[in-house]
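Notes to accompany the following structure.
Protein chains: 2
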Amino acid sequence: MDLKVMNKISYGLFILTARDGTKDNGCVINTAMQVTANPNRIAIAVNKSNYTHDMILKTGEFNISILDESAKFGTFKNFGFKSGRDSDKMVEIKYNRSENGITYLTDECNAYVSAKVCSTVDLGSHTLFIADVTDGQILSSNPSATYAFYHSNIKPAASSAPKKGFICTICGYIYEGDTLPDDFICPICKHPASDFKPL
Amino acid sequence: MDLKVMNKISYGLFILTARDGTKDNGCVINTAMQVTANPNRIAIAVNKSNYTHDMILKTGEFNISILDESAKFGTFKNFGFKSGRDSDKMVEIKYNRSENGITYLTDECNAYVSAKVCSTVDLGSHTLFIADVTDGQILSSNPSATYAFYHSNIKPAASSAPKKGFICTICGYIYEGDTLPDDFICPICKHPASDFKPL
Numbered sequence: 001m002d003l004k005v006m007n008k009i010s011y012g013l014f015i016l017t018a019r020d021g022t023k024d025n026g027c028v029i030n031t032a033m034q035v036t037a038n039p040n041r042i043a044i045a046v047n048k049s050n051y052t053h054d055m056i057l058k059t060g061e062f063n064i065s066i067l068d069e070s071a072k073f074g075t076f077k078n079f080g081f082k083s084g085r086d087s088d089k090m091v092e093i094k095y096n097r098s099e100n101g102i103t104y105l106t107d108e109c110n111a112y113v114s115a116k117v118c119s120t121v122d123l124g125s126h127t128l129f130i131a132d133v134t135d136g137q138i139l140s141s142n143p144s145a146t147y148a149f150y151h152s153n154i155k156p157a158a159s160s161a162p163k164k165g166f167i168c169t170i171c172g173y174i175y176e177g178d179t180l181p182d183d184f185i186c187p188i189c190k191h192p193a194s195d196f197k198p199l
Numbered sequence: 001m002d003l004k005v006m007n008k009i010s011y012g013l014f015i016l017t018a019r020d021g022t023k024d025n026g027c028v029i030n031t032a033m034q035v036t037a038n039p040n041r042i043a044i045a046v047n048k049s050n051y052t053h054d055m056i057l058k059t060g061e062f063n064i065s066i067l068d069e070s071a072k073f074g075t076f077k078n079f080g081f082k083s084g085r086d087s088d089k090m091v092e093i094k095y096n097r098s099e100n101g102i103t104y105l106t107d108e109c110n111a112y113v114s115a116k117v118c119s120t121v122d123l124g125s126h127t128l129f130i131a132d133v134t135d136g137q138i139l140s141s142n143p144s145a146t147y148a149f150y151h152s153n154i155k156p157a158a159s160s161a162p163k164k165g166f167i168c169t170i171c172g173y174i175y176e177g178d179t180l181p182d183d184f185i186c187p188i189c190k191h192p193a194s195d196f197k198p199l
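Residue numbers (the UniProt record's numbering), protein chains in the order written: chain Z, 1 to 199; chain L, 1 to 199.
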């Protein structure tokens with residue numbers, strides 16, 4: 001089958017934040033959805049390689065800040081292109097804390113949701129967290145940024161890229177080389193070789 | 001908290017179809033996401049009151065047809081505003097069958113995905129189906145319809161509605177009466193009273 005069909009599924013974009021002791025961290029996810037209204041619960045799928053994943057598994061709490069169409073590529077780079085294990089991602093970010101003590105972004109987001117994990121599903125590479133929504137606030141009337149909007153309007157065009165290599169069509173990461181290994185996984189967004197195209 | 005924050009989460013829109021023996025059926029869902037790339041798996045949340053839900057629980061297979069921006073309100077009415085228990089929803093719909101024998105829509109959709117359930121999570125009002133993607137095809141280059149697009153461009157405006165009552169801000173269903181019971185559930189889209197507003 002043509003794996004490009006998977007790109008037709010629409011998603012929002014979110015900064016998923018957690019707090020463990022005095023350590024704040026966050027990452028970018030596109031996989032969040034409300035799964036029941038009574039009780040108000042959401043499900044998020046998070047790659048196990050993310051430090052934020054481990055913090056949520058430990059603490060059972062998180063926020064999602066819902067990115068809107070004013071979101072800058074720098075915010076995606078900050079939260080998606082490095083690990084919170086060896087950096088403080090919050091240094092250059094404007095944020096507040098919700099009642100659970102976890103950060104949420106005050107800029108480039110139109111709302112945040114606080115949630116408390118009620119169950120987890122091990123999906124192999126990812127964990128699905130099912131969580132009660134405990135709090136939330138609308139921050140602006142800007143339209144939410146969809147994944148399609150990110151690709152068309154936020155992600156820089158690849159025109160300045162080097163000539164030999166492959167670009168991840170998901171996040172823009174560039175693999176330099178003549179051949180992309182079949183089992184290559186994007187170090188940034190964890191998508192497989194099938195989501196890369198030659199430069 | 002302001003429950004309107006939940007409306008800031010972006011979704012696509014899908015016709016979820018199943019087949020039990022010779023009976024074809026389908027319903028509208030907005031809750032579908034890819035949860036892992038290796039293996040290629042999706043998760044969908046489906047209200048238990050939907051006949052399609054019971055068919056998937058029994059057969060373990062389904063398709064999702066990904067609605068694009070050409071989708072008509074009539075298609076939402078056909079799949080969302082009546083039950084397949086006492087009607088044949090496929091009568092006026094253009095469709096083909098994928099390899100699993102299940103229908104997919106050939107019009108108003110830009111792709112379909114076939115999937116086989118590998119696990120279920122009981123969420124109370126809904127079941128979360130986690131499923132292996134087994135097949136799929138791109139049908140058009142039209143942009144996918146998001147939930148926000150549906151609200152702005154597909155759902156009819158409420159201007160011709162009667163003067164007394166409450167409208168479901170999710171699907172447009174109108175409850176006629178002076179008072180909306182607190183525990184009211186929309187008979188069409190199953191959303192709670194908090195998603196209604198006075199006409």
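Here a beta-carbon is modelled for each residue, glycine too, at the ideal position from N, C-alpha and C.
As the structure is a prediction and not an experimental result, all values here were calculated from the model.
Buried or exposed (CB count within 10 angstroms, at least 16 for buried), residue i
i         : result
Lys8(Z)   : buried
Gly26(L)  : buried
Asn78(Z)  : buried
Cys118(Z) : exposed
Thr17(L)  : buried
Leu3(L)   : exposed
Glu176(Z) : exposed
Asn47(L)  : buried
Thr22(Z)  : exposed
Asn153(L) : exposed
Glu99(Z)  : exposed
Arg97(Z)  : exposed
Glu61(Z)  : buried
Val28(Z)  : buried
Lys164(L) : exposed
Contact under 8 Å by Cβ, residue i with residue j
i         : j         : result
Ser65(Z)  : Tyr104(Z) : yes
Asn30(Z)  : Tyr147(Z) : yes
Leu67(L)  : Ile138(L) : no
Cys171(L) : Gly80(L)  : yes
Lys94(Z)  : Thr106(Z) : yes
Ala193(Z) : Asp183(Z) : yes
Phe129(Z) : Ala43(Z)  : yes
Pro156(L) : Phe73(L)  : yes
Glu108(L) : Thr75(L)  : yes
Asn50(Z)  : Ile102(Z) : no
Ala45(Z)  : Met33(L)  : yes
Phe196(Z) : Phe149(Z) : no
Span of the beta strand (DSSP E), counted from its first residue to its last, around residue i
i         : result
Cys27(Z)  : 23-29
Phe14(Z)  : 14-20
Met1(Z)   : That residue, Met1(Z), is in no beta strand (DSSP E); it is neither H nor E in DSSP.
Ala32(Z)  : 32-36
Pro187(L) : Premise fails: Pro187(L) is in no beta strand (DSSP E) and is neither H nor E.
Lys197(Z) : 196-198
Any non-hydrogen atom of the ligand FMN closer than 7 Å to residue i Cβ
i        : result
Phe76(Z) : Annotation note on the ligand FMN: not contained in the displayed structure, which lists no ligands.
Residue ranges of each beta strand (DSSP E) within the stretch 77-165 of chain Z, 3 or longer: Whole beta strand (DSSP E) segments, 3+ residues: 95-97, 103-105, 109-122, 126-138.
Unbroken stretches of the alpha helix (DSSP H), 4 residues or longer, contained in the stretch 42-68 of chain L: Fully enclosed alpha helix (DSSP H) runs of 4 or longer: 51-59.
At least three beta-carbon pairs within less than 8 Å, the stretch 106-119 of chain Z to the stretch 131-147 of chain Z: Flag = yes, the stretch 106-119 of chain Z and the stretch 131-147 of chain Z touch.
At least 3 beta-carbon pairs within less than 8 Å: the stretch 34-42 of chain L vs the stretch 118-128 of chain Z: The stretch 34-42 of chain L vs the stretch 118-128 of chain Z: in contact.
Three-pair Cβ contact test at 8 Å for the stretch 139-152 of chain Z versus the stretch 79-86 of chain Z: Three or more beta-carbon pairs separated by less than 8 Å are not found between the stretch 139-152 of chain Z and the stretch 79-86 of chain Z, which leaves the two stretches without contact.
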